[in-house]
Amino acid sequence: MRVPSVLAALSAALLPVVFPQGAAADPVGINRVQTFSGTVCPAHSLCLYNDINFSGGGMALQLHDGVQNLDDYQFNDRMSAWANGSGTICYWYGDAYWQGPSRQIPVHTVHNATWWENDTASSVRC
Ligand SMILES: [Ca+2]
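Read in order, the letters of the sequence shown correspond to residues 57 to 182 in the numbering used here.
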């Protein structure tokens with residue numbers, strides 16, 4: 057196989073992985089989204105917790121990470137607290153695909169969701 061055809065084949069195979077359909081125009085690129093249990097928020101992460109007082113496990117995102125639908129992680133409408141150690145401003149949204157009411161999560165802030173925020177987040181990005 058000639059080199060150009062190998063590259064073409066590799067591009068066809070890899071581009072959908074690198075740029076999932078619908079995500080190419082979005083500023084969120086590399087996802088290193090993790091889940092964690094209990095209160096153990098990974099370093100340098102925005103952590104979204106299942107329960108108030110930063111407990112119950114949850115999800116961790118880093119700079120440039122985004123989740124367009126928290127249901128993909130069985131975390132839709134579940135966030136009850138957050139702690140932003142990511143080093144960047146993040147945002148969460150009441151609807152999937154970064155739609156609906158949004159809230160900024162400033163750098164180095166921790167917050168228990170208010171009653172109107174509790175269990176409403178459906179997407180997030182940093
Ligand atoms: Ca929601």
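Yeah, the Cβ is synthetic: ideal placement off N, Cα and C, and Gly gets one too.
Since this is a predicted model, take the numbers as computed values, not measurements.
With a threshold of 16 other CB atoms inside 10 Å of the CB of D121, please say whether the residue is buried or exposed. buried
Alpha carbon to alpha carbon, how far is W171 from A177? 12 Å
Note down, in chain order, each residue of its chain lying with its Cβ closer than 7 Å to the Cβ of Q118, except the 5 sequence neighbours on either side. R88, H100, S101, S142, C182
Distance check for P98 and N174, CA to CA, integer angstroms please. 22 Å
For Y149, does the three-state DSSP call read helix, strand or coil? strand
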